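Colleague:
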Amino acid sequence: MKILGISGSLRRDSHNTRLLRAAANALAPEVELVVYDGLRELPPYDADLDTQPGDPAVVRLRQAIADADGVLIATPEFNGSIPGVLKNALDWASRPFPGSSLNGKPVAVLGASTGLFGAAWAQAEVRKVLGVIGADVIDGELPIGQADGAFDDDGRLLDLDQRTVLADLVTVLAERAGSRAAAAAA
Ligand SMILES: Cc1cc2nc3c(=O)[nH]c(=O)nc-3n(C[C@H](O)[C@H](O)[C@H](O)COP(=O)(O)O)c2cc1C
């Protein structure tokens, strides 16, 4: 089974990309987490450019989501909301509507920020956007606040409660993704 990880940060040393790696280690061995690396290449959404076959970066994003059984999004918070690059990717992924690659796809959301509240607003907004798009949004959040001090040298979360929430969230995501994959194969 394959989960696509999308980090909402372009930063080389991103806490959110680190959080995706921690999530990969919390998944069962038979579940592969592939981190999408094309956020920077996506053009700003423009309906005039949303044509067939379309921009190669957009085709790659939509195909990566279509090929995955589930999606895990780790978002920072910028000015109380979703980083523009992540919202832009979700806008591209939402088309064609209905019938986009995110339609019915199990998606879980978590997030890290250097502030106290761990990108809680951004996570809530990503879940709202995913609901509008028609994804199968997993209940639950994982706000990692003060992210500068949240990980050990091996990229694991230092806080044991946060590790448990992470494991629970990705387990539910994998179960939901597995059920959908089984139904599609039947
Ligand atoms: C433009 C900008 C706005 C930010 N706004 C918020 C914010 O509203 N809330 C918050 O918790 N952190 C905010 N931050 C801090 C980011 O959450 C922090 O830089 C985080 O580490 C970015 O994620 P990354 O480590 O994955 O790159 C902001 C950072 C920037 C650059």
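Residue numbers for the sequence shown follow numbering that gives the first Met the number 0, beginning at 0 and rising by one.
Here a beta-carbon is modelled for each residue, glycine too, at the ideal position from N, C-alpha and C.
All of these numbers come straight from a predicted model, not from anything done at the bench.
1) Which residues count as close to ligand 1 when the rule is a CB under 5 angstroms from any of its heavy atoms, in chain order?
2) Alpha carbon to alpha carbon, what distance is there between residue 61 and residue 189?
3) Helix, strand or coil for residue 166? Go by DSSP, reduced to three states.
4) Tell me the rounded alpha-carbon separation between residue 30 and residue 45.
5) Tell me the rounded alpha-carbon separation between residue 6 and residue 108.
6) Express the C-alpha separation of residue 137 and residue 125 in angstroms, rounding to a whole number.
7) Could you name the residues of the same chain whose beta carbon sits closer than 6 angstroms to that of residue 171, not counting the 5 residues immediately before and after it, in chain order?
8) Report yes or no: do the stretch 84-101 and the stretch 109-117 share at least 3 C-beta pairs separated by less than 8 angstroms?
9) Please list the terminal residues of the continuous beta strand (DSSP E) segment that includes residue 69.
10) With three or more C-beta pairs closer than 8 angstroms as the rule, is the stretch 164-181 touching the stretch 0-19?
11) Taking all protein chains shown into account, decide if residue 104 is buried (16 or more other Cβ within 10 angstroms of its Cβ) or exposed.
12) Run the CB neighbour count on residue 76, radius 10 Å, all protein chains shown included, and call it buried at 16 or more, exposed below.
13) Less than 8 angstroms separating the beta-carbons of residue 198 and residue 146?
14) Would you report the Cα separation of residue 12 and residue 129, rounded to the nearest angstrom?
15) At what residues does the alpha helix (DSSP H) containing residue 58 begin and finish?
Modeller: If we stick to the structure as given:
1) 8, 10, 13, 14, 15, 75, 76, 77, 78, 79, 112, 113, 114
2) The requested residue 189 does not occur in the structure, where the chain is confined to residues 0 to 185.
3) helix
4) 35 angstroms
5) 10 angstroms
6) 12 angstroms
7) 137
8) no
9) 69-74
10) yes
11) buried
12) buried
13) Examination of residue 198 is not possible in this model, given that the chain is present from 0 through 185 alone.
14) 26 angstroms
15) 55-66
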